[in-house]
Every structure is written in C-alpha cells, then in structure tokens.
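What follows is a short report on a single structure.
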Amino acid sequence: MLAFAALVAALILAGIKMATFERLDRSYYRKLKEVPIRHPLAQKVDTTVYSSARDSLLKPQQLGSSTNSVFRPNRRVWCVECRLPISFQAETCPFCNTEQPTKRPPPEDVDKDGIRDSWEVKYGMDPKNPNDTGLDPDGDGFTNLEEYLAKDLGP
0 MLAFAALVAA LILAGIKMAT FERLDRSYYR KLKEVPIRHP LAQKVDTTVY SSARDSLLKP
60 QQLGSSTNSV FRPNRRVWCV ECRLPISFQA ETCPFCNTEQ PTKRPPPEDV DKDGIRDSWE
120 VKYGMDPKNP NDTGLDPDGD GFTNLEEYLA KDLGP
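Quick note: the sequence shown uses numbering that gives the first Met the number 0, first residue 0, plus one each step.
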C-alpha cells in the first residue's frame, strides 16, 4: 500500500513539473517573438531563388514528346554467353567480351502477310497476294500461314 501511495505521489509531482515546464516553454517562445532581430550586418534576404524553386515544384515543367526521348531506355538483348542484358547494337558483350551474332535483315515479304516471299514462290503462292495466307490448298486443315509458322514441308 505504501508503494502505491509513493507511485501516486510521484505521478502528481511529475505532472506538476511537466505543467511548469510547459508554462515556462510558452513564456520563452512568447518573449522570443517579441525580440526584434536587428543586427548591423544583417541584410534583407532575396527570396526570388526560393520562390522560383517552390513554383517549379508546385508546377513542374512538362517535356514535349520530341524531347522525351532522353528518358526512353535503350533497346536491350541478352548476351549469347553470359545472358546479361546488353545494348542491341553491341557487337561484343561488355561483360564477357563474347562476340555477338550479326544482325540479319528481316526476310523479304512484299505483301506483308507474314510469310517470306521465297517460301511463297517455293510452294506456288503469289508473293504479292496477302490473302493467300488463309488458304488451305492441300486440305490438311492447316492454312498456309500455319504451315509456314510450323515450318511444315509445304502446303
């Protein structure tokens, strides 16, 4: 019971001390605001730099689409040896110094139907007709495009 009374008394004293500290703190800041700041070397502060920085944060400058290419990442491919990402234009890997395969131009496809012209000529199709991809001249249930993509022997 004596310990409980001591605890209560300690809490009351702590509360009184805290109230005193808060009162002194408020009094200190009140008096601090009343003190004029006058120093013989003090000059007026130019706030134009601060204002322009604040304005640029509130309204950031928008980049046009023509200048936005700076933020577009480079096209990357995997190195054939170490499998790390490298630039598409790299001839040798900067990590393992392995020479990369040469880039071949895409096969010629005049009618843009997805089947290269040499394959169309080889199997009797018209390389200038984009509609022959959906045909099935041999009746096996697969279109010419499906057979080309599956690397079948022919239509």
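Positions of the beta carbon are idealized from the N, C-alpha and C atoms, including for glycine.
From a predicted model like this one, the values you see are computed outputs, not experimental measurements.
What does the alpha-carbon distance come out to for the pair residue i and residue j?
| i | j | result |
| --- | --- | --- |
| Pro105 | Asp125 | 19 Å |
| Cys95 | Arg103 | 23 Å |
| Leu10 | Asp24 | 21 Å |
| Thr66 | Ser51 | Low per-residue confidence applies at Thr66: pLDDT is 49, beneath 50, and the placement is therefore not dependable enough to give any value. |
| Leu6 | Met0 | 10 Å |
| Arg22 | Lys16 | 10 Å |
| Ala41 | Leu57 | 30 Å |
| Gly140 | Val109 | 26 Å |
| Phe3 | Gly14 | 17 Å |
| Arg82 | Cys92 | 10 Å |
| Ala89 | Glu107 | 25 Å |
| Lys127 | Glu119 | 9 Å |
| Tyr27 | Ala18 | 14 Å |
| Pro100 | Gly123 | 33 Å |
| Leu134 | Arg75 | 37 Å |
| Val44 | Phe20 | 35 Å |
| Tyr49 | Arg29 | 28 Å |
Out of the options, point me to the one whose CA is closest to residue i's CA.
| i | options | result |
| --- | --- | --- |
| Asn73 | Leu83, Phe87 and Leu134 | Phe87 |
| Thr97 | Val79, Tyr28 and Phe141 | Val79 |
| Val121 | Thr101, Gly138, Asn143 and Gly133 | Going by the sequence as given, residue 121 is Lys instead of Val. Of the listed residues, the one whose Cα sits closest to Lys121 is Asn143. |
How do the stretch 135 to 148 and the stretch 110 to 117 stand: do at least 3 beta-carbon pairs fall below 8 Å, yes or no? yes
Uninterrupted beta strand (DSSP E) stretches inside the stretch 32 to 61 (no shorter than 3 residues): none
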